[in-house]
Amino acid sequence: MRKFLTIAAAALALAAASPAFAATKQGGAAIVTFNNDLTTLDPQIGYDWQNWSVIKSIFDGLMDYKPGTTELEPDLAQSYTVSDDGLTYTFILRDGIKFHNGRAVTSADVKYSLERAVNPATQSPGGGYFGMIAGYDDLTGGKASELSGITTPDDKTVILKLTRPDATFLHLMAINFAYIVPKEVVEAEGADFGKKPVGTGAFKVVNWTPGQSLELERFADYYRKGLPYLDKLTFEFGQDPTVAVLRLKKGEIDIVGDGIPPAQFTEVMADPANKNLIAEGEQLHTGYVTMNVTTPPFDNVKVRQAVNMAINKDRIVRLINNRAAPATQALPPAMPGYNPDNKGYAYDPEGAKKLLAEAGVGEGFTTELYAMNVDPNPRIAQAIQQDLAAVGIKAEIRSLAQAEVISAGGAGKAPMIWSGGMAWIADFPDPANFYYGILGCAGAVEGGWNWSKFCNKDLDARAEKADAMVKGDQQEARIAEWKSIFDEVLTQAPWAPIFNEKRFTYHSDRLGGEAALFTDPIHIPVNYDYIYAKDAQ
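This note's numbering applies: residue 5 is where the sequence shown begins, and numbers increase by one.
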């Protein structure tokens, strides 16, 4: 386990129980800058890294993760039970949970929120996650207006019946698509709910001026007593990250939300004054090069393995100022199922040439490498191009806008893609989330995110069996099976994993909190509920 997870797990069961928070006081304010405005704060619709942590501070779900870790714990649920066959989940809600408008939360709100996510009219990008809940097909197919698998025998009890066992289900109850919303406010606001959100979270929205700022204030009736620590949280938009760094040095802001700009990274990191102001942590992220296994010569596994051996990952990491670690496999190190004993493909140009010769393309070949046209991705693509050229592979770079690269990948028109700027960051910390959509057959379809078009039905079947292992005493065996699945994926080499990004959050000296809170692996980039102002009175 990586260092920051160990620190977080030891320190953060709950803030009230942690010695690290013993000296904190409630009060104070913080200002966070972003270059772009948030698109929405509707939890059933929001789906990008920038709004995730803000949405989490406004809403809650039945489950969540211990702050700064990937360890599940009940949130709005006081407790839960799972039937022996893994098909029935019963959640009991906590007492005293209120929405920001003062109304008590009931089991009917949970049912409504999950059905809202699944209902096609909501156009939620996460509705498909709940396909195992009974009644899903009828609701999405217009044959029903509710999910038959959700019942509410009383105001505190929610029973969910599944059509198949799924070991990821508790994780799904912790993602933003499953957060609880009040029906009457959603219906009253309509399309504006994402701009005027009402949740149960630690902060409530008091003002949002599009393109300028978003103001949150502490929710006095939040069920976790003593949280949040800050009284006020302001997000300022339209702030170039370079300017934001200068403003932070002047004491005008508290967090550079977009991260340290590449051009300033070395300078900022080397400044002794910033020694305790930059939090570093892992992300559930892998950057990779896809190879379309349906297109010659990438339909030959030896060619794909040769590409893995041809790329100098260490050089690419240096190119981005060591803001990542070389990747050995598809899963990032902080993800359950990562195999620390599997070292992947070593940089070996001569070995790559040998494999290409064995594959019958020893004289080399010409191909295309698609990449997003935003720095540092063109520079990374050029480095990959040079490495491939050294073993006889001539790759023409197609540097395009993000949407165009995604479209080409989904259509199967791109022989190779560098995923930078579009690389996978896990929706939840389970190996299944790194498989089905980007390596499984389900994603190898028109418009899908499996750009390698790799489809191994045997591995799919093994994955489904692994996810049917829902009992507590089966989890070690389940993760071991996922580890084996990803070891086989590496052997088949539909990707060349390049690096696992690290997150660096630059914050003012006014703010305190565990480093893991400023680089939260789930609530990217910052868990605002638990950071505090040192000068709070």
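The beta-carbon is built from N, C-alpha and C at its ideal position, and this holds for glycine as well.
These figures come from a predicted structure and were not determined experimentally.
8 Å Cβ cutoff met for residue i and residue j
i: Pro525; j: Gly285; result: yes
i: Ile410; j: Met420; result: no
i: Thr290; j: Asn504; result: yes
i: Val36; j: Ile259; result: yes
i: Gly414; j: Gly451; result: yes
i: Leu76; j: His175; result: yes
i: His511; j: Ala283; result: yes
i: Asp431; j: Ile101; result: no
i: Thr298; j: Gly416; result: yes
i: Ala529; j: Arg514; result: Rather than Ala, the amino acid found at residue 529 in this sequence is Pro. Cβ atoms of Pro529 and Arg514: not closer than 8 Å.
i: Phe369; j: Gln243; result: no
Length of the line joining the Cα atoms of residue i and residue j
i: Val185; j: Gly32; result: 28 Å
i: Glu256; j: Tyr440; result: 44 Å
i: Ser61; j: Thr238; result: 12 Å
i: Val493; j: Arg222; result: 46 Å
i: Ala26; j: Gly516; result: Only weak support is given to the placement of Ala26: the predicted model assigns it a pLDDT of 45, under 50, and the value that follows is read from those uncertain coordinates. The alpha-carbon atoms of Ala26 and Gly516 are separated by roughly 12 Å.
i: Ile442; j: Ile489; result: 14 Å
i: Val189; j: Phe103; result: 10 Å
i: Asp533; j: Leu66; result: 17 Å
i: Lys160; j: Phe95; result: 8 Å
i: Ile49; j: Glu240; result: 22 Å
i: Ala497; j: Ala465; result: 19 Å
i: Arg107; j: Pro157; result: 20 Å
i: Asn40; j: Ser87; result: 45 Å
i: Gly72; j: Gly355; result: 41 Å
i: Tyr351; j: Ile397; result: 16 Å
i: Asn304; j: Trp53; result: 36 Å
i: Val474; j: Asp170; result: 6 Å
i: Glu400; j: Trp499; result: 18 Å
i: Pro344; j: Asp471; result: 22 Å
i: Gly131; j: Ser149; result: 14 Å
i: Tyr140; j: Val122; result: 7 Å
i: Met5; j: Gln287; result: Bear in mind that the predicted position of Met5 carries a pLDDT of just 26, short of 50, making it too unreliable to give a figure here.
i: Asn105; j: Asp68; result: 22 Å
i: Asn280; j: Leu231; result: 24 Å
i: Asp225; j: Met313; result: 56 Å
i: Asp89; j: Leu166; result: 10 Å
i: Gln216; j: Tyr84; result: 42 Å
i: Lys199; j: Leu218; result: 10 Å
i: Leu42; j: Ala361; result: 51 Å
i: Lys545; j: Leu521; result: Outside the modelled stretch of the chain, which goes from 5 to 541, sits residue 545, for which no answer is possible.
i: Leu143; j: Lys70; result: 33 Å
i: Val293; j: Trp422; result: 5 Å
Identified DSSP bridge partners for residue i
i: Val293; result: Trp422, Ala500
i: Phe508; result: Glu284
i: Glu219; result: Asn211, Thr238
i: Trp428; result: Thr290
i: Gly516; result: Tyr536
i: Val260; result: Thr37
i: Ile137; result: Leu166
i: Ala329; result: Asn504
i: Ala108; result: Lys102
First through last residue of the beta strand (DSSP E) which encompasses residue i
i: Ala375; result: 369-376
i: Phe95; result: 92-97
i: Thr238; result: 236-240
i: Ile397; result: 397-404
Residue range of the alpha helix (DSSP H) that includes residue i
i: Gly308; result: The amino acid occupying residue 308 in the given sequence is Arg; Gly does not appear at that position. Its alpha helix (DSSP H) spans residues 305-314.
i: Met273; result: 266-274
i: Tyr116; result: 111-122
i: Glu191; result: 187-193
i: Lys461; result: 461-471
i: Ile320; result: 317-323
i: Ala248; result: 245-253
Below-8 Å beta-carbon distance, residue i vs any chain D residue
i: Gly194; result: Of the protein chains in this structure there is only one, and it is not chain D.
| In chain order, which continuous runs of the beta strand (DSSP E) of length 3 or greater are located wholly inside the segment 140-173? | 154-158, 161-165
| field | 3 or more residues per run - each beta strand (DSSP E) lying fully within the segment 27-104 | value | 33-37, 67-69, 76-78, 81-86, 92-97
| request: Could you tell me which uninterrupted beta strand (DSSP E) segments, each at least 3 residues in length, are contained entirely in the segment 331-391, listed from first to last along the chain? | output: 369-376
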